[in-house]
Every structure is written in structure tokens, then in C-alpha cells.
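Colleague:
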Amino acid sequence: MSAPKEVDEAISSSDHDHGFGSSRSMPVNWLSRFTGKNTNINLNEVGKDYFQRSLQYDEAQLERDAVKVRRKLDFYVLPLMMITYMLSFLDKQTLNYSNAYGLQEDTNMTGDNYSWVSSALYIGWLAAVFNFAGFFAIRFFLGLLEAVVSPAFIILTSMLWTREEQSLRSSYWLSMNGISAIVGALLAYGAGHAEGLAVPQWKLIYLIVGSMTIAWGFVIYAYLPDGPHNAKMLSEYERIVAVWRISRNQTGLKQPQINTSQIKEALVDPRQWLLYLMAICYGILNGGVANFLAAIIKGFGYSPLRTSLLQTPVGAFELVMVIAFGYLSKVPNMLGVTIVLSCIPGLAGLIGIMKISIERHRFALVAMCWLQGILGAPVILNWTLPGLNTAGHTKRSTVLGIYFVLYCAGNIAGPHFFLPDETPRYSTAIKGLAGSYAGAMGLQVIYTVYCAWENRRKQRVGLLDEARANATEVAMEGFEDLTDKENRHFKYRI
Numbered sequence: 001m002s003a004p005k006e007v008d009e010a011i012s013s014s015d016h017d018h019g020f021g022s023s024r025s026m027p028v029n030w031l032s033r034f035t036g037k038n039t040n041i042n043l044n045e046v047g048k049d050y051f052q053r054s055l056q057y058d059e060a061q062l063e064r065d066a067v068k069v070r071r072k073l074d075f076y077v078l079p080l081m082m083i084t085y086m087l088s089f090l091d092k093q094t095l096n097y098s099n100a101y102g103l104q105e106d107t108n109m110t111g112d113n114y115s116w117v118s119s120a121l122y123i124g125w126l127a128a129v130f131n132f133a134g135f136f137a138i139r140f141f142l143g144l145l146e147a148v149v150s151p152a153f154i155i156l157t158s159m160l161w162t163r164e165e166q167s168l169r170s171s172y173w174l175s176m177n178g179i180s181a182i183v184g185a186l187l188a189y190g191a192g193h194a195e196g197l198a199v200p201q202w203k204l205i206y207l208i209v210g211s212m213t214i215a216w217g218f219v220i221y222a223y224l225p226d227g228p229h230n231a232k233m234l235s236e237y238e239r240i241v242a243v244w245r246i247s248r249n250q251t252g253l254k255q256p257q258i259n260t261s262q263i264k265e266a267l268v269d270p271r272q273w274l275l276y277l278m279a280i281c282y283g284i285l286n287g288g289v290a291n292f293l294a295a296i297i298k299g300f301g302y303s304p305l306r307t308s309l310l311q312t313p314v315g316a317f318e319l320v321m322v323i324a325f326g327y328l329s330k331v332p333n334m335l336g337v338t339i340v341l342s343c344i345p346g347l348a349g350l351i352g353i354m355k356i357s358i359e360r361h362r363f364a365l366v367a368m369c370w371l372q373g374i375l376g377a378p379v380i381l382n383w384t385l386p387g388l389n390t391a392g393h394t395k396r397s398t399v400l401g402i403y404f405v406l407y408c409a410g411n412i413a414g415p416h417f418f419l420p421d422e423t424p425r426y427s428t429a430i431k432g433l434a435g436s437y438a439g440a441m442g443l444q445v446i447y448t449v450y451c452a453w454e455n456r457r458k459q460r461v462g463l464l465d466e467a468r469a470n471a472t473e474v475a476m477e478g479f480e481d482l483t484d485k486e487n488r489h490f491k492y493r494i
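Residues in the sequence shown are numbered from 1 upward in steps of one, following the UniProt record's numbering.
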């Protein structure tokens with residue numbers, strides 16, 4: 001629904017005093033000069049301005065149009081994020097698929113060299129690599145350039161969708177890991193049939209995946225918005241509605257200035273330390289499963305082509321279960337419970353890999369490997385917690401930064417649990433991964449109970465009583481860049 005003419009004129013007039021075209025905008029930094037976009041905009045002030053404009057509309061009208069705006073975001077922005085994440089994960093997983101086609105032999109990797117190459121992505125092109133050192137360096141720079149994707153998408157999701165919608169939308173874009181696994185396995189299978197090429201089969205996989213990613217980068221630069229304020233698919237009125245929708249999040253949009261007190265709070269908040277420890281657990285799990293699944297299945301006695309095909313169901317499991325658990329997390333007060341429940345299939349699969357006989361039940365062991373695809377569900381739902389339950393732009397950015405540094409540290413450590421002389425069961429690794437699952441589940445229970453206790457404390461003194469609170473005042477408070485501890489009306493999602 002478009003705004004009336006007089007409202008459009010008011011909006012146009014207001015834009016000369018606030019936001020994007022303002023003569024009072026902050027100095028342009030190097031990133032702004034490079035991209036041609038002003039990255040110093042105080043989006044919290046823009047958000048306040050948009051929210052105040054929304055007050056001239058009837059709430060029933062805003063509710064109706066909010067549904068239309070949500071559908072537009074789901075139809076235009078979410079697919080951009082999903083395809084980007086699929087290609088990002090496909091880049092990472094190509095190492096796993098290439099391992100079935102002589103990658104280690106061609107690059108003269110010995111001992112734990114492959115484990116270090118797996119880690120290199122997280123410490124930080126591929127057809128021109130001929131040895132371990134070159135492979136390590138290229139993987140490092142791949143990780144360095146793609147490190148921004150996950151934390152940026154978490155922040156962008158929190159700026160475009162409500163807190164009730166975020167876990168499911170995040171599940172959608174992370175479920176693309178499943179599509180990536182299917183595409184990657186089929187691509188590897190096709191490359192395995194390629195004969196008489198100037199490059200080895202594993203290099204062909206890298207050339208195809210790399211070309212796709214580079215081409216998609218131009219699309220993202222042109223069309224992916226930084227927030228509701230510059231979403232090209234929304235009219236000016238729809239941007240007002242988009243900000244009105246997320247005003248209830250109490251997390252604001254973006255504050256360009258660094259607030260040192262919020263950094264300190266991010267370092268001493270016990271709730272965040274529970275998240276940091278969970279990040280390590282999930283990093284260890286992801287680093288191990290993502291890079292050694294092909295090696296485990298191949299160790300059960302399958303050929304390289306058969307190994308590639310047998311990895312396809314892993315993606316299907318991930319695609320279906322990540323979205324299913326995402327829907328379950330929408331149930332009020334079920335987010336923490338959903339994360340714990342989603343860990344159980346993967347843990348059961350690890351126990352099966354340790355206990356099931358290779359000689360008598362080889363295919364059952366492969367099925368236990370398929371269950372590892374469900375790891376994506378607890379990982380993405382846990383990733384949403386810093387964005388959902390942390391307010392204050394500097395604090396949230398700090399928490400996300402520390403979280404993903406520790407997640408990457410776990411990814412670096414994960415492959416080194418796989419000792420070459422323990423193939424195919426890798427008993428040390430399987431026990432380590434099972435322990436990481438148990439640790440993540442226990443920490444999640446503590447985190448959920450802690451947040452529930454804090455909500456009850458606020459409820460007892462009436463801070464979360466919507467009937468008594470001034471809705472406009474509470475919404476404006478969310479754009480004041482207050483942390484979740486400073487904002488008296490902030491409610492944690494559990």
C-alpha cells in the first residue's frame with residue numbers, strides 16, 4: 001500500500017534533514033570511498049526518524065502492510081542470502097569432495113597435512129596449487145575473505161525481521177548447507193567421470209565452484225541491502241513499515257561510534273561467556289564433520305565415486321531437519337529446548353560409528369554419517385542467540401566477533417582430533433566430537449535457565465507488562481543504543 005501524496009511530500013522533505021542525504025552526515029571513511037556508500041550513517045537515528053513517521057498511520061493499517069513487507073523481504077532478500085550462503089559453504093566443502101579424487105597424493109600431503117589444510121580456512125583460488133604450502137595459503141585467504149558472511153547475515157537478519165521470525169529465517173539460509181552438500185556431491189560425481197582433461201579431477205571441481213562464486217559476488221553487491229533504509233525492493237513508505245515492524249525487537253539498527261563501555265559489558269557478561277564456550281564446541285564439531293565425512297565413508301570400503309554419491313543424503317538430511325527445527329523454534333519459549341533436541345541425532349550417530357560392526361553393517365555406518373548433516377540445526381539456532389539476546393550495537397558486534405573467533409578456533413582444532421593411524425573409525429575424534437555435543441547441550445541448558453530467570457525477575461517488577469508500558473516510549477528506547485542490560489524492557493528469547 002503506498003503512502004498518500006501529502007505523506008510522500010513530508011517524507012521527501014524530512015530526508016533533507018535526516019538520514020541519507022543529510023548535509024550533517026559524518027565524514028566518509030575509506031570503506032565509504034571504496035564502495036561508494038556512506039558506511040558512517042547512524043542507522044539508529046534513521047530508525048527513530050522512520051518510526052516517528054510511522055506514528056501518523058493507523059496501527060491496523062501498519063499491521064496489514066507489515067505482512068506485505070515481510071513477504072517482500074522473504075521473496076527478494078532471503079533468496080539472495082540463501083544462494084550466497086550455499087556458495088560460501090560449497091567453497092569450504094570442496095576440499096572434502098576433492099579428497100576422494102587424489103588431492104592428497106597430487107599435492108604430496110603427508111601425516112596431518114590434510115588436517116592443517118582443513119584448519120587453514122578458519123585461520124584466515126585453487127587450480128594453480130601444486131603442494132601443501134600453496135594449498136594452505138589459498139585456503140587461508142578463502143577463509144579470510146568469506147569470514148564476514150555468517151556474522152554479517154546474523155546482523156542483517158536482526159535488522160530486517162522480528163525476533164519471532166529470525167530463527168526460522170536464519171534456518172532457511174543456513175539450510176543451504178544441505179543444498180550445497182547435494183550440489184557438491186553430484187558435482188564431484190560428475191567430475192569423477194571426466195577423462196582426458198588438462199587438470200586433475202579435483203582441480204576441475206575448484207574451477208567450477210570458484211567461477212560460480214565470483215559471478216554471484218556482483219549480484220550481491222548490486223542488490224543485497226544493508227538494512228531497511230536502502231532496500232531497493234521497498235518503497236519509502238514500505239521502509240517506514242519495515243522499521244516499525246522491527247521496532248519491537250529492542251535491538252535498534254546500527255550505531256557507527258564505538259562504545260567502550262559496551263565492549264567491557266560484552267567481556268564480563270556471564271551470559272555471553274556461555275555463548276563463547278558453546279561456539280568452541282560447535283566449531284570443533286563443524287571442523288571435524290565438514291572435512292572428514294568423505295574420509296570416514298571411504299574408509300568403510302567404498303570407491304571414490306561411490307563415496308561421492310553416498311554423501312548426497314547428508315545434504316538432504318540437513319536441508320529438511322534444519323528447516324524443521326527452525327519451525328519448532330518459533331513456538332514460544334522453545335528455542336533453547338529445540339537447540340538441545342537438535343543435538344541428539346548427531347550424538348546418536350557418533351555413538352553408532354563407534355559401536356556398529358564394519359563387516360556386518362557397513363551401510364548402517366553410512367546412515368550414522370548421514371545423521372551428522374543435522375549438525376546445521378543446532379549450529380544456526382545457536383548462532384541466532386547473540387543477535388536475538390544482545391542489544392547495543394557495539395556490544396552485539398563485540399559478542400559476535402568473539403563468538404566467531406572462538407568458533408573458528410574450534411574449527412581449527414576439530415580436524416586434528418582425526419589421527420591418520422585411527423582410520424576408518426577415528427576413535428579419538430569420535431569421542432572428542434561426542435564430548436563437544438554433550439558440552440554444547442549442557443551449556444545451552446544453563447544459558448536458557450539463566451535467561452528465563454532474568455525474564456521472570458523483570459516480570460515480577462512489571463517491566464515486561466505490555467499493558468502498563470507505553471508502546472511508543474518502549475519502541476523509541478530500542479533505538480537509543482542501550483544494551484540488553486541497560487534496556488529495562490528488553491526480554492530474552494528462550
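No residue lacks a Cβ here, since even glycine has one placed at the ideal position from N, Cα and C.
#1: Please state whether DSSP places Glu-318 in a helix, a strand or coil.
#2: If we call anything under 8 Å between Cβ atoms a contact, is Gly-414 one with Gly-299?
#3: I'd like to check one pair, Leu-275 with Pro-386: are the Cβ atoms closer than 8 Å?
#4: Given this structure, state the Cα-to-Cα distance separating Trp-370 from Pro-313, to the nearest angstrom.
#5: Near Leu-73, what residues of its chain come up, given a Cβ to Cβ distance below 6 Å and the 5 sequence neighbours on each side ignored?
#6: When burial is assigned at 16 or more other CB atoms within 10 Å of the CB, is Ser-308 buried or exposed?
#7: Under 8 Å, Cβ to Cβ, is there at least one residue of chain B near Phe-418?
#8: Any idea if Val-219 is buried or exposed, counting beta-carbon neighbours within 10 angstroms, 16 or more meaning buried?
#9: Answer with buried or exposed for Thr-251, where buried requires no fewer than 16 other C-beta atoms within 10 angstroms of its C-beta.
#10: Going straight from the alpha carbon of Phe-404 to that of Val-46, what length do you get?
#11: Let's see if you can read the secondary structure: which residues bound the alpha helix (DSSP H) around Thr-157?
#12: What are the boundary residues of the alpha helix (DSSP H) that includes Lys-431?
#13: For Leu-174 and Ile-380, which I take to be in contact (beta-carbon distance under 8 Å), what is that distance rounded to the nearest angstrom?
#14: Under three-state DSSP, which class holds Val-331?
#15: Quick one: residues in its chain with C-beta nearer than 7 Å to the C-beta of Val-474, no 5 flanking neighbours on either side, listed in chain order?
#16: Does the beta-carbon of Leu-365 have 16 or more other beta-carbons within 10 angstroms, so that it is buried, or is it exposed?
#17: Any idea what DSSP makes of Gly-410, helix, strand or coil?
#18: Just to check my reading of the structure: Gly-178 and Gly-315 have Cβ atoms closer than 8 Å, yes? What is that Cβ distance to the nearest angstrom?
#19: Quick check: the Cα distance between Arg-457 and Ser-170, rounded to an integer number of angstroms?
#20: Please indicate yes or no: does the CB of Leu-160 lie closer than 7 Å to some heavy atom of the ligand ADP?
#21: With distance defined between alpha-carbon atoms, name the residue in Gln-52, Tyr-223, Ala-188 nearest to Leu-207.
#22: Using beta-carbon positions only, say whether Leu-345 and Ile-374 come within less than 8 Å of one another.
#23: Could you give the distance in angstroms between the alpha-carbon of Cys-451 and the alpha-carbon of Thr-483?
#24: What residue range does the alpha helix (DSSP H) around Met-368 cover?
#25: Between the C-alpha atoms of Ser-235 and Pro-228, what's the straight-line distance to the nearest angstrom?
#26: When you compare each of Pro-378, Tyr-282, Lys-395, Gly-190 to Pro-304 by their alpha carbons, which one comes out closest?
#27: When the distance is taken between beta carbons, is Ser-167 closer than 8 Å to Thr-423?
#28: Please report the straight-line C-alpha distance between Thr-428 and Ile-182, rounded to a whole angstrom.
#29: Starting from Lys-298 and walking both ways along the alpha helix (DSSP H), at which residues does that stretch end?
#30: Suppose you measure from the CA of Asn-487 to the CA of Ile-83; what does that come to, to the nearest Å?
#31: At a cut of 8 Å, does the region 64-81 reach the region 257-271 through at least three beta carbon pairs?
#32: What does a CB cutoff of less than 7 Å around Ser-22 pick up in its chain, not counting 5 residues either side in sequence?
#33: On the criterion of 16 or more Cβ atoms from any shown chain inside 10 Å, does Asn-333 qualify as buried, or is it exposed?
#34: Counting only the same chain and skipping the five closest in sequence on each side, list residues whose C-beta sits under 7 Å from that of Glu-454.
#35: Between the alpha carbons of Lys-5 and Leu-62, how many angstroms are there, rounded?
Modeller: Reading off the structure:
#1: Start at 1 with the first residue of the sequence shown, and residue 318 comes out as number 318. Looking at Glu-318 - three-state DSSP - the assignment turns out to be helix.
#2: Along the sequence shown, one-based indexing puts residue 414 at 414. Along the sequence shown, one-based indexing puts residue 299 at 299. No; because the gap between Cβ atoms is not below 8 Å, this pair is not in contact.
#3: Counting from 1 along the sequence shown, the entry for residue 386 is found at position 386. Counting from 1 along the sequence shown, the entry for residue 275 is found at position 275. Contact: yes.
#4: For the purposes of this step, residue 370 is taken as the residue at position 370 of the sequence shown. For the purposes of this step, residue 313 is taken as the residue at position 313 of the sequence shown. Roughly 6 Å separates the two Cα atoms.
#5: Position 73 of the sequence shown holds residue 73. Hits under 6 Å: Leu-160.
#6: On the sequence shown, residue 308 is found 308 positions in, with the first residue counted as 1. Buried, since its Cβ has 16 or more Cβ neighbours within 10 Å.
#7: Checking the listed chains, one finds no chain B in this structure; it contains a single protein chain.
#8: Counting from 1 along the sequence shown, the entry for residue 219 is found at position 219. Classification for Val-219: exposed.
#9: Walking along the sequence shown from the start, residue 251 turns up at place 251. Under this definition Thr-251 is a buried residue.
#10: Within the sequence shown, residue 404 is the residue found at index 404, counting from 1. Within the sequence shown, residue 46 is the residue found at index 46, counting from 1. For Phe-404 and Val-46, the distance between alpha carbons rounds to 28 Å.
#11: Translated into positions along the sequence shown, residue 157 becomes position 157. Residues 149-160.
#12: One-based indexing of the sequence shown puts residue 431 at position 431. Lys-431 -> alpha helix (DSSP H) spans 427-460.
#13: Here residue 174 corresponds to residue number 174 of the sequence shown, with the count starting at 1. Here residue 380 corresponds to residue number 380 of the sequence shown, with the count starting at 1. So it is a contact: roughly 4 Å between Cβ atoms.
#14: Against the sequence shown, residue 331 aligns to sequence position 331. Three-state result, Val-331: coil.
#15: By one-based count along the sequence shown, residue 474 stands at place 474. Closer than 7 Å at the Cβ level, and outside the excluded window around Val-474, lie His-489.
#16: Translated into the one-based positions of the sequence shown, residue 365 becomes position 365. Buried, because 16 or more other Cβ atoms sit within 10 Å of the Cβ of Leu-365.
#17: On the sequence shown, position 410 is the one that residue 410 refers to. In this structure, Gly-410 counts as helix in the three-state DSSP scheme.
#18: Residue numbering aside, residue 178 sits at position 178 when the sequence shown is read from its first letter. Residue numbering aside, residue 315 sits at position 315 when the sequence shown is read from its first letter. Between Gly-315 and Gly-178 the Cβ distance is about 4 Å, and since that is below 8 Å, they are a contact.
#19: For this step, residue 457 is matched to residue 457 along the sequence shown. For this step, residue 170 is matched to residue 170 along the sequence shown. If you take the alpha carbons of Arg-457 and Ser-170, they lie about 29 Å apart.
#20: Annotation note on the ligand ADP: not contained in the displayed structure, which lists no ligands.
#21: The residue you call residue 207 lines up with position 207 of the sequence shown. Closest option to Leu-207, Cα to Cα, is Ala-188.
#22: Position 345 of the sequence shown holds residue 345. Position 374 of the sequence shown holds residue 374. Before going on, a small fix: residue 345 reads as Pro here, not Leu. Contact flag set, yes.
#23: Here residue 451 is taken as the residue at index 451 of the sequence shown, counted from 1. Here residue 483 is taken as the residue at index 483 of the sequence shown, counted from 1. Approximately 15 Å between the Cα atoms of the pair.
#24: Translated into the one-based positions of the sequence shown, residue 368 becomes position 368. Residues 362-370.
#25: In the sequence shown, the residue the question calls residue 235 occupies position 235. In the sequence shown, the residue the question calls residue 228 occupies position 228. Cα to Cα, the separation comes out at about 10 Å.
#26: Working through the sequence shown from its first residue, we reach residue 304 at position 304. Nearest C-alpha to Pro-304: Gly-190.
#27: Position 423 of the sequence shown holds residue 423. Position 167 of the sequence shown holds residue 167. Result no, Cβ atoms of Thr-423 and Ser-167 do not sit closer than 8 Å.
#28: The sequence position of residue 428 within the sequence shown is 428, counting from 1. The sequence position of residue 182 within the sequence shown is 182, counting from 1. When rounded, the distance between both Cα atoms is 28 Å.
#29: Against the sequence shown, residue 298 aligns to sequence position 298. 270-299 is the extent of the alpha helix (DSSP H) around Lys-298.
#30: Counting from 1 along the sequence shown, the entry for residue 487 is found at position 487. Counting from 1 along the sequence shown, the entry for residue 83 is found at position 83. Taking the straight line joining both Cα atoms gives about 36 Å.
#31: no
#32: Indexing the sequence shown from 1 puts residue 22 at position 22. Confidence at Ser-22 is low in this model, with a pLDDT of 37, below 50, so the placement of that residue should be treated as unreliable; the coordinate-derived value is given next. Excluding residues within five positions, none has a Cβ falling inside 7 Å.
#33: Residue numbering aside, residue 333 sits at position 333 when the sequence shown is read from its first letter. By the 10 Å Cβ count, Asn-333 comes out exposed.
#34: Within the sequence shown, residue 454 is the residue found at index 454, counting from 1. Closer than 7 Å at Cβ, skipping near neighbours: Tyr-492.
#35: On the sequence shown, residue 5 is found 5 positions in, with the first residue counted as 1. On the sequence shown, residue 62 is found 62 positions in, with the first residue counted as 1. Because Lys-5 carries a pLDDT of 40, less than 50, the predicted location of this residue cannot be relied on, and no value is offered for it.
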